[in-house]
Every structure is written in structure tokens, then in C-alpha cells.
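Note sheet for the following structure.
Numbering (our numbering), first residue to last: 2 to 220.
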């Protein structure tokens, strides 16, 4: 299945860092876990359109990064609801509602905004909150979730040089496609958040909302 993947970008409180969103291909393993966020989406989307069109309970397939699955499944639920209830709504109107509901569930969250914008544009993008997204030409990547860990967003160590490096890596990667930048960002994750350094070349830390997720990736 096709999903949006927040491939590069390290969140730092108070810093508006860019996020590189790529198209991802992942094989679902159908490992379902209940999550309140999708339930909240269903309630708020129904309220926004004025119909109880989304009725089924939906769970997170935890074999997929949570942020990627949230963006994927909520658009699917919206499309099903609009079709089943014959709601007269354009694509632009649909995404306007999706963005509004996202904001209610994840206030001022640049990751959700980046993933939803990539979905809306149907393109990989370089995203910085408050700026026009930049469409980019990059091939989809195949991904597999290795493991996920709770993330509180509190850096263990931070200085101006690390902040600068974290912000420049997604931009540099778009320009150069240099593989060593992926490894370098893994090192920054370790330095800033005291995470284990990933020694396997095709493993990558990604920001996954309230989680940090290790993915295995390939072209």
C-alpha cells in the first residue's frame, strides 16, 4: 500500500525545521491496535459535515508508522463517507475539512500538516510550516517498521550547531541525494535525544508524532 513517509526532519521545540515527505510503499501486516486519535477523527469529521457517515470503528495497523497510517486511513474514511452519504463536496473542500480536523486533534503539529499537504498535492514535498511547500521529484521508497518508542520531545542535549545541522539536512538531501546525509541525521537523533546509533545502513529514525520509529528502507 502507498503511504506518506516523514523521511527526514528532526523536531526541536520552538524551531520551525523543514520536513521531507516521501512516497512510501509498505506491506501491511494487519496488526491492529486501538487508538483514540482515529476515533476522535471520526467524531469530528461527522460533526464537520453534519452527517453520521463514518460509523465503523477503525484501528491503527501498527505495522505502519502511526503518522503515515493516520493520514492514509482518515482520507479513506472521508472518501467513503462522502460517497456513501452522497455529500456534495469538492476535493479542495474535503482537504479543507481534513486540515481543520487534523488541527483540532494535533494542534500546531507541523508533521501532520506536512503529511496531509503531501497527500493533497499527491507529491513528495519539502515542507516548512508557514511557507509554500516545494514539490520534489524523488522515487518512492519501500519501508518496513522495525520498532517504535514513545517520544516526549524533550532534547537531552542541544546547541546552535545541532539546530542548524538538523534544519539543513532535508534541504541538502533534496539537492544532492547524498546517502551519507541519512546516516548523519541518524547521528543527530542520537546526539539530541540520546537514542541508540543505528549501525545498519538502511535503518532510519523518523519522527512519528508521539513516537520515534525505526524504519528499514530501500529504493
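In this text, a Cβ means the ideal position worked out from N, Cα and C, and glycines have one as well.
Am I right that residue i and residue j are in contact with their C-beta atoms under 8 Å? What's the rounded C-beta distance?
{"i": "residue 145", "j": "residue 217", "result": "4 Å"}
{"i": "residue 20", "j": "residue 115", "result": "4 Å"}
{"i": "residue 46", "j": "residue 98", "result": "7 Å"}
{"i": "residue 6", "j": "residue 128", "result": "Contact flag wrong, Cβ pair sits at about 13 Å."}
{"i": "residue 196", "j": "residue 190", "result": "5 Å"}
{"i": "residue 38", "j": "residue 71", "result": "6 Å"}
To the nearest angstrom, how far is it from the Cα of residue i to the Cα of residue j?
{"i": "residue 161", "j": "residue 178", "result": "25 Å"}
{"i": "residue 173", "j": "residue 13", "result": "19 Å"}
{"i": "residue 89", "j": "residue 83", "result": "8 Å"}
{"i": "residue 199", "j": "residue 48", "result": "44 Å"}
{"i": "residue 17", "j": "residue 35", "result": "31 Å"}
{"i": "residue 92", "j": "residue 61", "result": "25 Å"}
{"i": "residue 157", "j": "residue 59", "result": "35 Å"}
{"i": "residue 85", "j": "residue 101", "result": "22 Å"}
{"i": "residue 122", "j": "residue 95", "result": "13 Å"}
{"i": "residue 73", "j": "residue 4", "result": "6 Å"}
{"i": "residue 168", "j": "residue 215", "result": "20 Å"}
{"i": "residue 55", "j": "residue 87", "result": "12 Å"}
Can you look up residue i in the DSSP assignment and give me helix, strand or coil?
{"i": "residue 148", "result": "strand"}
{"i": "residue 33", "result": "strand"}
{"i": "residue 153", "result": "coil"}
{"i": "residue 217", "result": "strand"}
Any beta-carbon of chain B closer than 9 Å to the one on residue i?
{"i": "residue 65", "result": "Included in the structure is just one protein chain, with no chain B present."}
I want to check one thing, is the minimum distance from the CB of residue i to the heavy atoms of the ligand ADP below 8 Å?
{"i": "residue 31", "result": "In terms of ligand content, the structure shown is empty, and the ligand ADP therefore cannot be addressed."}
Which partner residues does residue i have in the DSSP bridge list?
{"i": "residue 6", "result": "23"}
Any contact between the region 127-140 and the region 25-33? By contact I mean 3 or more CB pairs, one from each, below 8 Å. No: fewer than three Cβ pairs fall under 8 Å.
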